[in-house]
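Engineer: Please find one structure pasted underneath; my questions will follow.
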Amino acid sequence: MSKGAKRLLRVLAIVAGVLLIIMTALQIVLNSRKVRSLVDNAAAEAIDGTLAYSRLHFDVFRSFPRIRVTLDSLSLTYPHDRFAAYDGIGPASPLLDAGRGDGADTLAAFGRFMASVNVWRLFGWQLRLHDASLQGLRVAAHAYPDSAANWNIFKSSEKEKDTTSKSFPLPPISIGPVRMDGPVVVYTSQTDTLYALAGMKAMALQGKVRLPNEKRGLQFSRLRFDIDSLGVAGRMPADTVGVLLERLRVKSPRKNTVDLNAAVKTLMVSGKLGYLHVPFGLDTRVSFDQKPEETVVDVPHLDLDMAYIPVHAEGLLRMLPDSNYVRAALNIKDCDMGKVLRAYADGIVPAAADLNTDARLSLAANADGWLSEDSVPAVDFSLKLPRSKVQYRPMDLVARLALDVDGSMTPAKYVTAVVNRFEAATDGLDVQLNGRGSDLLGSDPGVAAHLAGNADLGSLSRFLSDSLALDGLLDVLLDADVRLSEIKALRFRSGSVLGKITSPRLTASMPYDTVSVRLDRTKVLLSSAGGGLKADILFDTVAFRKSTAMSARIAGMSNRAEFTRVTSRGRRVPRVSFSSDNTRVFFRTGDNRVGARDLQITAALQQRVQGSSARRKHFLDSLQRIYPGIPRDSLLRHDRRMNPRPLPSYLSDRDFAKKDIRLDLGQDVVDFLREWAPSAGITASRAFIATPRLPLRNTAKDVDIKYDDDAFNINSLNLKSGSSDLSVSGNVRGLRRTLLGRGFLRGDLDVSSKRLNLNEMLTAMKIGQDSTLVDSGDEEGESFVIDSLSTEEVKPEMTVFVIPANIDATVRLHANRVFYSDLWVMPMDATVNVAKRCAQLLGTSLHTNLGDVKLDAFYATRTKEDIQVGADLQLIDMSAEGIIHMLPMVDDLMPALKSFHGKLGCRVSVTGQLDTMMNVIMPTLDGLIRITGNDLEITDVGDLRKVTRFLFKDPNIGHIDDLAVDAFVENNQLEIYPFMLGVDRYQLALMGVQGLEGSMRYNASIIKAPLLPIKFGVNVFGTTDDMHFTIGRSKYRNGKVPVFTEELDDIQINIGNAIRRIFET
């Protein structure tokens, strides 16, 4: 052996000896009590509990060049009393007892931990963990209310971390086989009612890892990670979940590349979804390259089978500081939808459990481009469902479906979708659709579509309940090319929407309710124009019936509905309008029937444009200056309180205010009318109403009525009932404010009649009140009509009527012939004015069978204490009986008048007050009566016979050449002014006072008498039931009587003015 070799051997021997000495020292030191004491002290400082183990052993020789550490039977415990206060809180579970022992509970424990570390490689800047294993791991983690948890026994470090020091770089780490066998972990949370148990058969890990630093990113190679049979079971408040990871294989075939393969079974028990079994399989490869300037992740393939849905994907992701590049592809090919439905449908939609299909769905999607704040990758996709069959077993329904959809998105987020084909068909239904959507994520997306379909309602009705039966054929065709802005503005391009629905006959019935509807030759045409949408709905015949109690029939029905926007006060507002033209209409309910020809109905709603509030603001500003301390929302109320405006007398009576016209429509309707302006109209060439309540032939002709939000305009309305007719035209205004509860109705009407037989109508109404229900099988039967009432007479009756205060109307009346009781009027003209609880009758002119009549009058009901009546009545060429018939009160005032025969003239001008029973309050009666006549006869003088027997040759008959009587009513008496009267061969001067309570005091001065040169007088006094007379001197010997014509004319003028000016008082 050479000298150099000997020297080398000597050096090696020295090194080996030193190494042996070091290893022996390490073996002795590491297994000394001092090391175990250091471990125990460190554990005591970090853990607020007890750390116990049976053996801690280091082996330096047998595992050389590695150092092996073995730790047996370790447990981490804490006293049970520490968390005993939370026992019994929340639902019970066996997992709450995990880790519990006698006096102490265990947080974690394991049987043996063993690991080997090659400390010699640290000299070469490498860390090698070799052959590590953990056996029998048990963890029981419990969370309690108030953020308490048993893992809080680990003490937090009180030492502040030095954030200024640089981190120490770690060497490359090599992990040898690391294995964990049979671990079990329990977790409970009483606050969240969550209980979970996890365990697995085994886990193994090995590989080489380089942690990232400033120069490079994370690197790994020869990585392998295996999990065998990992099970997790958990209970939540409503659901229970079980997951079994049968296998998980992670393998690194080369640097920074991972192959992953996993198989998972999931069982979920849900209170809403029931039992759900979700299998999961994954096979993929992922590689990445992390550099300071970018990170690249590449997935060359990813195969996922989850819930029987096969997914294949691949992609590439480049992550840069300011943007990311994405290239990805996703494919679902021939997914068996029947299998998916059978597995999960019953848990989600119970009825879907009875569905069966052979449909196979395919989806392909691709993305390629840069993802940043300003752009996205370009995306395209395709969804296809070949013609497939779907069966719903409970209803024996078989349907056919097909779908073909393509779509794309540009980097500028312009999204387009194209429905190449959509088909849905079943027994009685066939629908086909294709179309295109553009700029779907933009502010103004557009849609172009074509829809065609047909339906056999008779075949489809078997899918409905027995309470509804349908029958008929229906064809639908729709073409639309619109944008969202057009829909919002209701301004379409002409022809952008075209639709058509046709049907030869449609019927619907509800057997249980005996209701049926029939539509013949239905056609619905939908079209668009610049103003909006228009729908024309045409029916040849519409028939409705509800048992035998109600029916309706419409022939030649043409409807139109329009949805538009119009300009109102400079703004575009929505408007909805509807019109219906009907050739013939018939409706019957019970024994009432209504019919019409050429009936047209229109209706519209237009949103109101609220007026400017500037005027109200200025007014409130002025009030605020007057009342600076009053809140702005109380100014109007405060001003009314400070400056009360006295109400007119006709508005002060609360009882009479209840008689005003008030329509309580409800707050919802009032709010609707404030926002929308309605309008409507109805026209008809002819109509009829047949009802036993008015058993006459009732018809209407030339009906034309319009409503324009605030007014009814009666352009034409001609009514005929029996032998009477009535024509009405005019308008009624102020409806909107009245409907809102604070307005006046103002009317202006013209009412005319050629013949008005009130006797016939009132008799018919009385008979109708006593009629019983007439159930006739003949829809147009009129067996209840009575044609013989035109000759009937009725007794006049008067009832109290309070005039509403919120009516201001003028009605002009004209009738050629009027029949009431035994009075015939031919013709009649009058004007009626109504306002301020007063009714005024002016210019009344009647030509009757009793004589001519002229009348001005008023009737005022301002308060219960102020009910007034006034009249200026002229009766021309009328008999005394006629005068008394027209004015019964004259008989009480002048009982002798009924003894006169011949034509009289009478003018009564009078005012007075009535009580609430419509009786005249006699002390309030003021006025005058003027009676004139020529060539009169007196007969049947009654108690005056004693006087006539004394004076006249024939005590029963007296002839009067000329009569002019003036009387004044005042202070509850009638004062007859002196007047001359020539009877037979006598000339008399008469005067007197007639008390309205029945007393009388008259004087007849004999101015000229045959055979009697003496002038004397006869005094008549007493009552109408007890009359006396005496002979006295004559008051007017010279034959001259005082004349009061001027005074009487003034009274008559004043009464006329009171009638004409009734609204001014």
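Residue numbers (the working numbering): -18 to 1046. Cβ atoms here follow ideal geometry from the backbone N, Cα and C, with glycine treated the same way.
(1) Since Ala661 contacts Thr545 with CB under 8 Å, what's their CB separation in whole angstroms?
(2) Which two residues bound the contiguous beta strand (DSSP E) that contains His282?
(3) Residues in the same chain with beta-carbon distance under 6 Å from Ala183, minus the five sequence neighbours each way, listed in chain order, please.
(4) Sort out for me which residues DSSP pairs Glu956 with in a bridge.
(5) From Val755 to Arg674, what distance separates their C-alpha atoms?
(6) Are Lys481 and Val505 touching if we call contact CB-CB under 8 Å?
(7) Could you please give me the residues that DSSP links to Thr397 through a beta bridge?
(8) Determine the DSSP secondary structure at Tyr608, reduced to helix, strand or coil.
(9) So which of Thr564, Val651, Arg723 and Leu454 has the shortest CA-CA distance to Ile642?
(10) Between Ser74 and Ala124, is the Cβ-Cβ spacing less than 8 Å?
(11) Excluding the five sequence neighbours on either side, which residues of its own chain have a C-beta within less than 7 Å of the C-beta of Ala990, listed in chain order?
(12) Which residue or residues does DSSP assign as beta-bridge partners of Ala461?
(13) So, using beta-carbon positions, are Ala122 and Tyr168 closer together than 8 Å?
(14) Per DSSP, what are the beta-bridge partners of Asn699 in this structure?
(15) What's the call for Gly758, buried or exposed, on a 16-neighbour Cβ count within 10 Å?
(16) Give the straight-line distance between the Cα atoms of Val239 and Leu225, rounded to the nearest whole angstrom.
(17) With which residues is Met184 paired in a DSSP beta bridge?
(18) When you compare only the Cα positions, how much space is there between Ile611 and Pro625?
(19) Between which residues of its own chain and Phe362 is the CB-CB distance below 6 Å, once the five residues before and five after are set aside?
(20) Skipping 5 residues on each side, what residues in its chain have a beta carbon closer than 6 Å to that of Leu739?
(21) Does the segment 456 to 470 come close enough to the segment 422 to 435 that 3 or more CB-CB pairs lie under 8 Å?
(22) In angstroms, rounded to a whole number, what distance separates the CA positions of Leu77 and Arg443?
(23) Going by C-alpha distance, which of Asp437, Lys365 and Leu438 is nearest Glu404?
(24) Secondary structure at Asn435, three-state DSSP: helix, strand or coil?
(25) Alpha helix (DSSP H) containing Asp652: first to last residue?
(26) Per DSSP, what kind of secondary structure is Glu1028 in: helix, strand or coil?
(27) Give the straight-line distance between the Cα atoms of Gly188 and Met95, rounded to the nearest whole angstrom.
(28) In chain order, which continuous runs of the alpha helix (DSSP H) of length 4 or greater are located wholly inside the segment 299 to 354?
(29) Identify the residues that DSSP records as bridge partners of Pro260: which are they?
(30) Thinking just about the alpha-carbon of each residue, which of Ala841, Gln849, Val834 and Ser880 is nearest to the one in Leu868?
(31) Among the candidates Ile154, Val498 and Leu514, whose CA atom is the shortest distance from the CA of Arg526?
(32) Is Ala681 near Asn699, with beta carbons less than 8 Å apart?
(33) Out of curiosity, what's the CA-to-CA distance linking Ser708 and Ser890?
(34) Does the segment 55 to 66 come close enough to the segment 27 to 37 to have 3 or more Cβ pairs within less than 8 Å?
(35) Considering only C-alpha positions, which residue in the set Arg381, Ser369 and Glu295 is nearest to Ala348?
(36) Ignoring anything shorter than 3 residues or poking outside the segment 709 to 737, list the beta strand (DSSP E) runs there in chain order.
Structural biologist: Quick answer:
(1) Contact flag wrong, Cβ pair sits at about 17 Å.
(2) Thr276 to Met287
(3) Asp162 and Asp209
(4) Phe949 and Val974
(5) Unreliable positioning characterises Val755 in this predicted model, as indicated by a pLDDT of 47, which lies under 50. A coordinate reading is not provided.
(6) yes
(7) Ser389 and Ser419
(8) coil
(9) Arg723
(10) no
(11) Tyr967
(12) Ala430 and Val478
(13) yes
(14) Lys682 and Ser708
(15) Confidence at Gly758 is low in this model, with a pLDDT of 46, below 50, so the placement of that residue is unreliable and no value is reported for it.
(16) 23 Å
(17) Met161 and Ile208
(18) 17 Å
(19) Ala346 and Gly388
(20) Tyr801
(21) yes
(22) 56 Å
(23) Lys365
(24) strand
(25) Gln648 to Glu656
(26) helix
(27) 18 Å
(28) 318 to 329
(29) Lys246
(30) Val834
(31) Val498
(32) yes
(33) 32 Å
(34) yes
(35) Glu295
(36) 726 to 734
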